[in-house]
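The structure under discussion appears below in the form of structure tokens.
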Amino acid sequence: MNKFEEYCTQFVQSVGNKEGAISPAITSSASFGYGDAQTSEGIFDGSVKKPLYSRMGNPTTAKLESIIAQMDGGVGAVATSSGMGATSLACMSLLESGDEIISIGGLFGGTYALFEETLKRFGIKTSFFDVDELENIQSAITEKTKIIFLESVGNPNMRLPDISAIAKIANDAGVALIVDNTITPLSISPLALGADIVVYSTTKIISGNASALGGCAVFRAIKEGEDKFKTERYPFMAKFIKGAKKMALVPNAKKRALRDFGMSANAQASYQTMLGLETLPLRLTRIIESVEVIAKALSEKGLDINHPCLESHPHHERYKSDFSNGCGTLLTIDMGSKERAYEFINKTKIATITANIGDSRTLALHMASTIYSDFDAPTRKFLGITDGLIRISIGLENPQDIIDDFLQAAE
Ligand SMILES: *Cc1c(COP(=O)(O)O)cnc(C)c1O
């Protein structure tokens, strides 16, 4: 059975209501009346489960959070205003000045800038590694290391990590592993592979139609016996573990990051994200099939395609074993030079030229002149950004139409 099948029932059944309005209600209220003083106190101390204020949580958003938590086998989730909001929330909930991050793979431009530029200003140091540098990763861990951050697929370098091996390193060292699973929802379940927190930009394939900016962080349960979050590395977790027990990572993220930084999701976006989520397994099934067909066809015609379904890719074996449900909607084409890349982009009739990915439509973007234009040459080299590199996100169109269009554009 296709892995996506198991989510089809779950999503449509949990998004829709059986009584009253079938479509989820959009609770478009910033604040909520508490009724009386005693209830106010209860809501603030958590003993009364009613909405407090939409920065801290909203009923529409809570529904989305429970569906995404279930999707990833998490104990809870926090939806955010954007994918960068989810990454910031997860990181800021665990970090303080002087701490260190180990960042592996990718890396999405915004995340790179967050680590290398913004968090650096707050005294947080990040070291960057390729997915296969397992020994260097292990020896880079110090007592200050609070986060190992990993992208489940390198965007746009298309390198695939051995997630279980990296999770083992993180767990042996007692360091939190955060996986950005934006590119491979459903295909990869990071918590089951040993990660502690999963982050998503729901803006991408989860919404799937560029209608709503959003993000979500999913948290695993704190274990009853030994747990890395009960150690000296994370002393601030003790009070949340005492109060919220296995849920502790959720209130820690909400109090530390959501309340104080305010990257909260809004109800309208959460509603639109749920509409997208309903059809996610169907769209993924089709696109993952198309990506392989298109990558192989274009490669056979001599185009320089980067996708791990191709035998020439260094992680082809890992793709077949660990990513048997595909690795998302992306592939890249290297046209050799900026001029030829521009020509391709201007000649394609199917692709929409935009920075988004994971859309119903096929999208394309020249990397070096856009998302990575801020970065110097060594950084671009590390991230695999060559002058002729075009990132493509395959959509729902007929794959043969895409192949024909790309071949004429590359001529
Ligand atoms: C787009 C993206 C993000 C950021 O998401 P936004 O919703 O645009 O803030 C983070 N990680 C990856 C891998 C992405 O593709």
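For the sequence shown, the positions run -13 to 397 when this note's numbering is used. All C-beta atoms in this analysis are idealised placements derived from N, C-alpha and C, irrespective of residue type, glycine included. In this text the structure is predicted, and so the values were computed from the model without any measurement.
query: Does Leu266 come out as helix, strand or coil in the three-state DSSP assignment?; result: helix
query: Quick check on Ala23: buried or exposed, where buried means 16 or more other Cβ atoms within 10 Å of its Cβ?; result: exposed
query: Give me the Cβ distance between Ile208 and Ala234, rounded to the nearest whole Å; I'm assuming they're in contact under 8 Å.; result: 5 Å
query: Leu397: which of Thr356, Phe330 and Thr365 sits nearest, CA to CA?; result: According to the sequence shown, residue 397 is Glu rather than Leu. Answer by Cα proximity: Phe330.
query: In the DSSP output, which residue or residues are listed as bridge partners for Asp290?; result: Asp320
query: Among the candidates Ala255, Ala253, Asn238 and Gln254, whose CA atom is the shortest distance from the CA of Phe247?; result: Asn238
query: Grouping DSSP H, G and I as helix and E and B as strand, with all else coil, what is Ile280?; result: helix
query: Fully enclosed by the segment 141 to 197, which beta strand (DSSP E) runs are 3 residues long or longer?; result: 162 to 166 and 183 to 187
query: According to the Cβ coordinates, are Thr66 and Ala253 closer than 8 Å?; result: no
query: Run the proximity test for Thr259: is its beta-carbon closer than 7 Å to any non-hydrogen atom belonging to ligand 1?; result: no
query: Count the other CB atoms within 10 Å of the CB of Pro176; is the residue buried (16 or more) or exposed (fewer)?; result: buried
query: Say the cut is 7 Å; is the CB of Leu199 nearer than that to a heavy atom of ligand 1?; result: yes
query: Helix, strand or coil for Ile127, going by three-state DSSP, please let me know.; result: coil
query: Hey, is Ile380 close to ligand 1, as in C-beta under 7 Å from one of its heavy atoms?; result: no
query: In whole angstroms, give me the CA-to-CA distance for Gln(-4) and Lys4.; result: 14 Å
query: Count the other CB atoms within 10 Å of the CB of Thr104; is the residue buried (16 or more) or exposed (fewer)?; result: exposed
query: What residue does the beta strand (DSSP E) around Lys111 start on, and which one ends it?; result: Lys111 to Phe115
query: Run the CB neighbour count on Ile8, radius 10 Å, all protein chains shown included, and call it buried at 16 or more, exposed below.; result: exposed
query: Which residues bound the alpha helix (DSSP H) around Gly69?; result: Gly69 to Met78
query: Assuming His352 is part of the beta strand (DSSP E), what are its boundary residues?; result: Leu349 to His352
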